[in-house]
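Peer 1: First the structure, which I've put down as structure tokens, then a few questions once you've had a look.
In full-length UniProt numbering, the protein residues as written are 1 to 666.
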């Protein structure tokens, strides 16, 4: 049959007949509800090499190798498949097509695949291992990327029945609102919340490009829904109520699942866009036992990023695309280290497999919009740089002392201490009384100091738990001083009203601090015990504040409230009711903090004999008929001594770890 003179990119990749010459968009793209795009032919338009260049070119150049390989593979493909369908023949893949995939072209990400050093393809062209090529990046790394022939791309190999199945699924998603958006001003408000509160910490997109694509209607639906999910974490709740969401949790659930459905339908084709969306989706706080949790989405993003060689050196490439990819990879790396340490699980990224460049200030040239003052943009960039360095050091500490059959040696501890002292010089100075530092600057400085202090706690925690605080200069006392500083930071952030915008690593930092204060609480008496109790209360209050954004109850508060002993459960009551114990009044209702119903967690009901307390009063045991209501509580030293320490003895991993087997008799 007669071939069409021209085909759109979608029909060309699927090798089906296209009528884009007769109508635009073509009928196939209309049926599939996808954008119909045609590629301008480069035939005769590429610069011709001079005679001198042709003579000096090596006979086994990369372009010639790729062209020859594609022709051989094409012939094998034709032999196995029979007659080819509509589409350009592999022989049509000329030098102009190869040249269009230069390192300056973002399409390189879509048309190349990374195959590491163990793959033997790198020996085929001239028999020289890529690792033997000189240069920092190298020709070596460049030659580990291979151009995939057009006929071998995933889209070209999709059979018609699979295409029909995808189309049915996309129709279903359209009908069920997966691609729907809030009204424009709400969408823009959510995007603004994303760029105000999340983007400064993880600049995985270019702000100017995102706004331009959004206004043109060209922004990827997958990425947009993922960004709206993050925006819903940080926006004001009245904005969400304006579009019918009765709670922040409901809004997060809707936007996250829209992004998830679009991802599962394989609608998005651009790999970098998919990586960006998966990274944002990894901030979904799933239940503790659910399969698709934070590490599932983060692991998917890391795996895809590695297939696009984001973990390998790109040399001194200074293009906008190269800088974006460096920021994306460092964001993945930072979160991988934080998640692995928080959960006590292995890293997904091994330093031995990577040779990527360190972040630099210049990598943020395109990250922020023109509305962000230059000084503020510099502060954001410095935050990301220091946080990446802290994440690197976090991995080293975990690998030195927290792997199976591994313990800190004196030499390792001394080395880590020196490295931490160097890192401390890069931290912003702590806020002093009377400083003119802005609240926002103080916010980022506080988050960095919390992350840094968490490293100190991890490094010296064992010495403190086993040996106590010892002298003023002992390693154990460093832990106690660090935890005290963290409590002061949390108190400042609570007073400034911005703690709920803190990034997710603050949860782990707070929980580890709470553990240290609880240990100190058990070992202390008198005024020292009261101070430790106050500091622990600040940590719990901070966790409750973070719960507004990150649903802390899924991990941390559940550990503290799931297995309370009877005495502690009875005494967790409103502070306003404390006079009842002194006036002899009977207590018919005990008010305790409960977890939000969104988590599906219920406080265990207890029945049994009444509890005798000092002073001769008797508090009836909790029964199923007693009402539990949220509220603040008065937490006594005895309760903290009896319960909190039992929950966090040295068996905890690094912050969000396992629960202990414990009974009140112990």
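Where a beta carbon is used, it is the ideal one built from N, C-alpha and C, also for glycine.
(1) Quick check: what's the CA-CA separation for residue 190 versus residue 345?
(2) Determine the contact status of residue 320 and residue 205, defining contact as a CB-CB distance below 8 Å.
(3) Helix, strand or coil for residue 12 per DSSP?
(4) Please determine, among 458, 197, 490, 268, the residue with the shortest C-alpha to C-alpha distance to residue 541.
(5) Taking residue 476 as the reference, give the member of 234, 516, 419, 354 with the closest Cα.
(6) Could you check what DSSP says for residue 28 in three-state terms: helix, strand or coil?
(7) Identify which residue in 410, 393, 408, 444 has its Cα closest to the Cα of residue 419.
(8) Can you check whether the CB of residue 509 is closer than 8 Å to the CB of residue 446?
(9) Which same chain residues end up closer than 6 Å to residue 391 when comparing Cβ atoms and leaving out the 5 residues on each side of it in sequence?
(10) Hey, quick one: how far does the alpha helix (DSSP H) through residue 321 stretch, first residue to last?
(11) Quick one: is residue 361 buried, meaning 16 or more other Cβ sit within 10 Å of its Cβ, or exposed?
(12) Below 8 Å between beta carbons: does that hold for residue 252 and residue 220?
(13) Residue 21 and residue 10: beta carbons closer than 8 Å?
(14) Taking the alpha-carbon of residue 310 as reference, which of 357, 488, 278, 209 has the nearest alpha-carbon?
(15) Measuring CB atoms only, is the segment 198-213 touching the segment 235-249, in the sense that at least three cross pairs come out at less than 8 Å?
(16) In terms of residue numbering, what span does the alpha helix (DSSP H) encompassing residue 400 cover?
(17) Assign residue 457 to one of three DSSP states: helix, strand, or coil.
(18) Given a cut-off of 8 Å on the beta-carbon distance, is the pair residue 550 and residue 258 in contact?
(19) Excluding five sequence neighbours on each side, which residues of the same chain lie with their C-beta closer than 7 Å to the C-beta of residue 25?
(20) Under 7 Å Cβ to Cβ from residue 240, same chain only, skipping five residues before and after it: list those, please.
(21) Please classify residue 8 as buried or exposed, where buried requires at least 16 neighbouring CB atoms within 10 angstroms.
(22) Does residue 223 come out as helix, strand or coil in the three-state DSSP assignment?
(23) Quick one: is residue 12 buried, meaning 16 or more other Cβ sit within 10 Å of its Cβ, or exposed?
(24) If you scan the segment 184-218 from start to end, which runs of the alpha helix (DSSP H) of 4 or more residues do you find wholly inside it?
(25) Can residue 267 and residue 230 be called in contact, C-beta distance under 8 Å?
(26) Are the CB atoms of residue 427 and residue 386 nearer to each other than 8 Å?
(27) Count the other C-beta atoms from every protein chain shown that fall within 10 angstroms of the C-beta of residue 294, then say buried if there are 16 or more, exposed otherwise.
(28) Excluding sequence positions up to five away, which residues of its chain have a Cβ less than 8 Å from the Cβ of residue 298?
(29) Please report the distance separating the alpha-carbon of residue 372 from that of residue 170.
(30) Helix, strand or coil, according to DSSP, for residue 250 in the structure here?
(31) Going by beta-carbon coordinates alone, are residue 213 and residue 262 separated by less than 8 Å?
(32) So, with DSSP's three-state summary, where would you put residue 20?
(33) Let's see if you can read the secondary structure: which residues bound the alpha helix (DSSP H) around residue 528?
(34) Do you know whose CA, among 466, 499, 168, 314, lies nearest residue 523's CA?
Peer 2: Taking the geometry as given:
(1) Start at 1 with the first residue of the chain shown, and residue 190 comes out as number 190. Start at 1 with the first residue of the chain shown, and residue 345 comes out as number 345. C-alpha separation (whole angstroms): 33 Å.
(2) Taking the first residue of the chain shown as 1, we reach residue 320 at position 320. Taking the first residue of the chain shown as 1, we reach residue 205 at position 205. No, these two residues do not count as a Cβ contact at 8 Å.
(3) In the chain shown, the residue the question calls residue 12 occupies position 12. Correct three-state label for residue 12: helix.
(4) In the chain shown, counting from the first residue as 1, residue 541 sits at position 541. Measuring from the Cα of residue 541, the nearest candidate turns out to be 490.
(5) Translated into positions along the chain shown, residue 476 becomes position 476. The shortest Cα separation from residue 476 among 234, 516, 419, 354 belongs to 516.
(6) In the chain shown, counting from the first residue as 1, residue 28 sits at position 28. Residue state, collapsed to three classes: helix.
(7) Stepping through the chain shown from its first residue, residue 419 is reached at position 419. Comparing Cα-Cα distances from residue 419 to each of 410, 393, 408, 444, the minimum goes to 393.
(8) Locating residue 446 in the chain shown gives position 446, counting from the first residue. Locating residue 509 in the chain shown gives position 509, counting from the first residue. Not closer than 8 Å, so no.
(9) Here residue 391 corresponds to residue number 391 of the chain shown, with the count starting at 1. Result list for residue 391: 334, 337, in chain order.
(10) Position 321 of the chain shown, counted from the first residue, corresponds to residue 321. It spans 320-343 - the alpha helix (DSSP H) in which residue 321 sits, taken as one unbroken run.
(11) Within the chain shown, residue 361 is the residue found at index 361, counting from 1. With fewer than 16 other beta carbons inside 10 angstroms of its own, residue 361 counts as exposed.
(12) Position 252 of the chain shown, counted from the first residue, corresponds to residue 252. Position 220 of the chain shown, counted from the first residue, corresponds to residue 220. The answer is no: Cβ separation not under 8 Å.
(13) To locate residue 21, count along the chain shown from 1; it is residue 21. To locate residue 10, count along the chain shown from 1; it is residue 10. For residue 21 and residue 10, no; Cβs fall outside 8 Å.
(14) Walking along the chain shown from the start, residue 310 turns up at place 310. Nearest C-alpha to residue 310: 357.
(15) At 8 Å Cβ cutoff, the stretches do not touch.
(16) As a position in the chain shown, residue 400 is number 400, starting the count at 1. 374-401 is the extent of the alpha helix (DSSP H) around residue 400.
(17) Numbered from its first residue, the chain shown carries residue 457 at position 457. For residue 457, the secondary structure class from DSSP, reduced to helix, strand or coil, is helix.
(18) Taking the chain shown and counting its residues from 1, one reaches residue 550 at position 550. Taking the chain shown and counting its residues from 1, one reaches residue 258 at position 258. Result no, Cβ atoms of residue 550 and residue 258 do not sit closer than 8 Å.
(19) On the chain shown, residue 25 is found 25 positions in, with the first residue counted as 1. Once the five neighbours on either side are set aside, the close Cβ partners of residue 25 are 36.
(20) On the chain shown, position 240 is the one that residue 240 refers to. Excluding residues within five positions, the ones whose Cβ falls inside 7 Å are 232, 248, 251.
(21) The residue labelled residue 8 in the question sits at position 8 within the chain shown. Buried, by the Cβ-count rule.
(22) The sequence position of residue 223 within the chain shown is 223, counting from 1. Correct three-state label for residue 223: helix.
(23) Mapped onto the chain shown, residue 12 falls at position 12. By the neighbour-count rule (16 or more Cβ atoms within 10 Å), residue 12 is buried.
(24) 184-193, 207-216
(25) Along the chain shown, one-based indexing puts residue 267 at 267. Along the chain shown, one-based indexing puts residue 230 at 230. Taking 8 Å as the cut-off, the beta carbon of residue 267 is found no closer than this to the beta carbon of residue 230.
(26) Taking the chain shown and counting its residues from 1, one reaches residue 427 at position 427. Taking the chain shown and counting its residues from 1, one reaches residue 386 at position 386. Taking 8 Å as the Cβ cut-off, residue 427 and residue 386 qualify as a contacting pair.
(27) Here residue 294 corresponds to residue number 294 of the chain shown, with the count starting at 1. Buried: at least 16 other Cβ atoms inside 10 Å.
(28) In the chain shown, the residue the question calls residue 298 occupies position 298. The answer, listed in chain order, is 278, 279, 282, 332, 335, 336, 339, 348.
(29) Along the chain shown, read from residue 1 onward, the residue named residue 372 stands at position 372. Along the chain shown, read from residue 1 onward, the residue named residue 170 stands at position 170. So the two alpha carbons sit approximately 38 Å from each other.
(30) Stepping through the chain shown from its first residue, residue 250 is reached at position 250. The answer is helix: DSSP assigns residue 250 an H, G or I state.
(31) Position 213 of the chain shown holds residue 213. Position 262 of the chain shown holds residue 262. Cβ atoms of residue 213 and residue 262: not closer than 8 Å.
(32) Here the question's residue 20 lines up with position 20 in the chain shown. Coil at residue 20, not helix or strand.
(33) Position 528 of the chain shown, counting from 1, holds the residue named residue 528. Looking at the DSSP string, the run of the alpha helix (DSSP H) that includes residue 528 is 526-550.
(34) Counting from 1 along the chain shown, the entry for residue 523 is found at position 523. Comparing Cα-Cα distances from residue 523 to each of 466, 499, 168, 314, the minimum goes to 466.
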